[in-house]
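Take a look at the structure below.
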Amino acid sequence: MDRRYAIGLVALVAVGVGVVAFTTFWSPQAPAPGSDQPYPSGAGPDQINFTALEADDTNVSHTPRSYWDSYAIVYTAPPDRPLIEGDYYINSATGEILADRWHNATVYRNGTTYAAVQPADGIPNERQREQLESDDSYVYDNATDAFYRYDPYYGQIAPTNIGRHPDLLEGYTWTATNTTTHHGVPVITYRVTGKRATAADAPTPRNGTLKLGAEDGVVYAFDITFESGERVDRYTYQVRPAPFPDHSWVDSAREVASGNATETTTRRQPSQPR
């Protein structure tokens, strides 16, 4: 089965249809960072070393939990650049994670428990449906017209771009412009000033800003536009407080999977002598 289709945790979180892109703004009252401004390790007034920011594994899959009860990680890209993953939602108290996928699919993680649902009406073609039907880890439920997966022993979250600082920003130079807050989190706003010498093939930035956590070095938001000839592409990203979505479908996934396991076990039992 094509793991990009419904369950892969492979890319940094991307936004689904209908999410409104945020706009970075600079408050006129915000003080400009000076040499005495404290910066997180790996950053300064005229540079950001994204590799150094990641050195202590501080990331958005955990750090914002100290600020918000639950939050979303949303990312937008040009409409002709198909994205594997949609919004992420994280419950700060429990660590539960919900993430959107292609074709209206949703996945859920809580510790070692993994669940997924793919509504049948979101499957784009017969080939994709056949792939799901042939995948033993998924079970079709006629009552809800959806495919479910449920695994209580899936294991820990594999290495993934969730929580990592976006590779999209690494090829550029950045200069701090002010200090402010992002939904209550102290941040330093940077603007893009050019390309690094080692990133000659990177697209040319027209404009761009990012908000870097002043205390934790986490990228909480960015808004960057590139141009190549007549083409103009805009990408946005934001980590912000948001309600943790309803996920009652996880119970359905567990029940469907449990019922299927029982039926399978029954079918495989040898016939009893009469």
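Numbering (the numbering used here), first residue to last: 10 to 283. Backbone N, C-alpha and C define an ideal beta-carbon position, used for all residues, glycine too.
When DSSP states are grouped into helix, strand and coil, P73 belongs to the helix group.
For G120, the closest of G164, T72, W258, T60 by C-alpha to C-alpha distance is G164. By the Cβ rule, the region 233 to 241 does not count as touching the region 47 to 66, because fewer than three pairs are nearer than 8 Å. A contact is defined here as three or more CB-CB pairs under 8 Å, and the region 146 to 156 meets this definition with respect to the region 254 to 266. Your pair L177 and Y199 does not check out as a contact, with CB atoms roughly 14 Å apart and the cut at 8 Å. Closest by C-alpha distance to R249, out of F59, G51, W77, E105, is W77. Our two residues, R263 and V201, have alpha carbons roughly 47 Å apart in a direct line. Beta-carbon to beta-carbon, V194 and G217 are separated by about 20 Å, too far to satisfy the 8 Å threshold. Between V227 and V69, the C-beta gap is smaller than 8 Å, which places the two residues in contact. Straight-line spacing of the CA atoms in T245 and P175 works out to 11 Å. For E142, there is no enclosing beta strand (DSSP E); the enclosing alpha helix (DSSP H) covers residues 135 to 142. Nearest to S267 by C-alpha distance, out of N58, Y157, R243, F253, is Y157.
Within the same chain, and ignoring the five residues on either side of T103 in sequence, the residues whose Cβ sits closer than 7 Å to its Cβ are N119.
Looking at the backbone, the Cα of S143 and that of R136 are separated by about 11 Å.
In the same chain as E105, and ignoring 5 residues on each side of it, the C-beta atoms closer than 8 Å to its own belong to I99, Y117, R118, N119, F253, H256, in chain order. P212 and D145 have their C-alpha atoms spaced approximately 42 Å apart. With respect to the C-alpha of H112, the residue from A208, A124, G95, S101 having the closest C-alpha is G95.
Scanning its chain for C-beta atoms nearer than 6 Å, with the 5 sequence neighbours on each side dropped, one finds around Y149 the residues F156, in chain order.
Contact between P87 and R243 holds: CB atoms are separated by about 7 Å, below the 8 Å threshold. Listed in chain order, the beta strand (DSSP E) elements of length 3 or more contained wholly in the region 219 to 251 are 228 to 237, 240 to 250. The alpha-carbon of P54 is positioned some 10 Å away from that of P47. Shown here, A152 sits in coil according to DSSP, grouped into three states, outside any helix or strand.
Cβ-Cβ distances below 6 Å link T186 to T198, R200 in the same chain, with the five nearest sequence neighbours on each side left out; the list follows chain order.
Per the DSSP secondary-structure output, D160 pairs in a beta bridge with Y123.
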